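Following: one structure in structure tokens, then a few remarks.
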Amino acid sequence: MNLTPGGNAPLIAQDLRVRVISGGPVDASAFRLFADGKVRGDSDMVFYGQPRNEDGSISFSAEGTNSVFTVDLSRLKPDVQKVAFTVTCDGSHTVSSLNHLSIQIESGNTSLISGQVELSGRQEAALILGEVYRRNGDWKFRFIAQGFNGGLKPLAEYYGVNVADEPAPVTPPPAPPAPPKVSLSKVSLTKEKPAISLAKKDNFGEIRINLNWHRGSGSGGLLGGMFGSNKAIDLDLGAFVELADGYKSVVQALGNAFGNYHSEPYVQLQG
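Following the numbering used here, the numbering of the sequence shown begins with 4 at its first residue and continues without gaps.
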């Protein structure tokens, strides 16, 4: 079913994929909204910096210039009234530079609803594409295509998200003559997050970690006989993954738990 702006249609499935199809790079976001049309906390915003909310009802993944939100309506809190889907352009670009922009609601391999945005002459940097909303106990989708002046920060603040200010750039200190050894017993993986950060970290789109080792020289005695250099070395690389919402998993060859780069847990074992 194709909708025009303002049109709506009932949703006949609980498990949905909301696909944002774009002719250029955009930042797509989903906002879980309550009766006042606002979020209640930072976990109600799902986007590239927070690809999954705390109850797993909404998750985000990128497929090239396209974005996909997986939405489980049955897991949304009873007082959630809407889930709004938005896009913002990078830098000084406007939506008219995208050449194509549409939103598609899918269930399984079936396209249920779609809406294509008319981009000609539009000067906005952001759009509210559409929303999934409750009406008399049932779920429906409304195609909106409403322009919004401003980038991702004012759009997030419009929905009530507390956005952290980006720190001013500082001159890096001179490199020390020799790097200190890292004490693994003192490494802290805790990240305080009083407000959500919209910053995109350079060179962190994909991180590759390789396991390399050197065979030690042989030694005499009992230990040398047990662990001598003539023994074959077989090491397995694994990763313990914990997402921002507390979801935990292990990526390892044992049990064919190789993970997935494009969806949870966003870590994949290769080779």
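No residue lacks a Cβ here, since even glycine has one placed at the ideal position from N, Cα and C.
These numbers come from a predicted model, not from an experiment.
Counting only the Cα atoms, Leu246 lies some 14 angstroms from Ile61. Relative to the Cα of Gln126, the nearest Cα in the group Arg138, His96, Asp141 and Arg20 belongs to His96. The three-state reading of DSSP puts Ser77 in helix, counting H, G and I together. Excluding sequence positions up to five before and after Lys41, its CB lies within less than 7 angstroms of the CB of Tyr162 and Gly163, all in the same chain and listed in chain order.
Going by beta carbons, Leu19 and Val74 fall inside the 9 angstroms limit. In the three-state DSSP reduction, Ser99 falls in the helix class (H, G or I).
Ranking Val253, Asn259 and Val166 by CA distance to the CA of Gly44 puts Val166 first.
Scanning its chain for C-beta atoms nearer than 6 angstroms, with the 5 sequence neighbours on each side dropped, one finds around Asp30 the residues Thr91 and Leu155, in chain order. In the three-state DSSP reduction, Lys41 falls in the coil class, being neither helix nor strand. Asn259 sits in a helix when the DSSP states are folded into three classes. Per DSSP, the beta bridge partners of Tyr136 are Lys85 and Lys143. Exclusion of the five residues before and after Ala12 leaves Met4, Leu6, Ile116, Lys143 and Phe144 as the residues of its chain whose Cβ lies within less than 7 angstroms of its Cβ.
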